[in-house]
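A short worksheet on the structure shown next.
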Amino acid sequence: EVLNPTNCTGTQTLVVTVVGTATPTPTPVAVDDRVSTAVNTPVNIAVLPNDTLNGATTPNVVTSPANGTVMVNSDNTIEYRPHTGFVGTDTFVYEICNSAGCSSATVTVDIVNKLIPYNGMSVNGDGKNDHFHIGGIENYPNNVVRIYNRWGVKVFEVSGYDNVTRVFRGISDGRVTVEAADKLPQGTYYYVIEYYDQNNNKQSEVGWLYIKK
């Protein structure tokens, strides 16, 4: 009798709602970094650009360096400041986290007893990279810095270069006639740095510098 269709007196509709499963958030992936700085010279390290963030935004230092100090800046770079006089290799560990978990990476800092010229500068007026920065030059105040254009014409010279007031900002003070407001043309220039080390021995470094407007 149960299977007899004549016993059915009505119909019912059953609605089944299938709830989808949300795609899980992947954990971030932190990647090791390595930078160099001169003795007694702090360095800001951008650790996030080579990481896979997946929503993570801020690095947190989980293991401090043995021969310096670190601080996370407001722009999420990490400032490493070596102990006075330390020369060698130091490391620290940071992590990035999101709701799914954390990932850590090691930053290796090579502290060297020499100058580190940064061969790029921008003179577009935004206040960033607006001068020729020479890492560690403040440790060798007895110095002379000269800048030449591609034709070998000297466009700048100063003694006691200090990365603060006595700096090259892309303005010629040599034999090239350029309005100060216009500054030097964009392109490749060459530097010669002469200085006396801690043992009063004369040292020199040469290299190229690119000015971008």
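Residue numbers (our numbering): 1351 to 1563. Positions of the beta carbon are idealized from the N, C-alpha and C atoms, including for glycine. Fair warning: this is a prediction, and the values are worked out from it, not measured in the lab.
Cα atoms of T1458 and P1535: separation of roughly 37 Å, rounded to the nearest angstrom. Beta-bridge partners of S1424 (DSSP): none assigned. Within the model, the alpha-carbon separation for I1497 versus V1379 is close to 42 Å. Cβ-Cβ separation between I1466 and A1406: approximately 30 Å, too far for a contact (criterion under 8 Å). Beta-bridge partners of F1506 (DSSP): I1497. In this structure, I1561 is the residue among I1561, L1364 and A1372 with its C-alpha nearest to the C-alpha of D1480. Listed as beta-bridge partners of L1559 by DSSP are Y1539. Cβ-Cβ separation between V1389 and N1549: approximately 14 Å, too far for a contact (criterion under 8 Å).
A contact is defined here as three or more CB-CB pairs under 8 Å, and the segment 1435-1449 meets this definition with respect to the segment 1399-1415.
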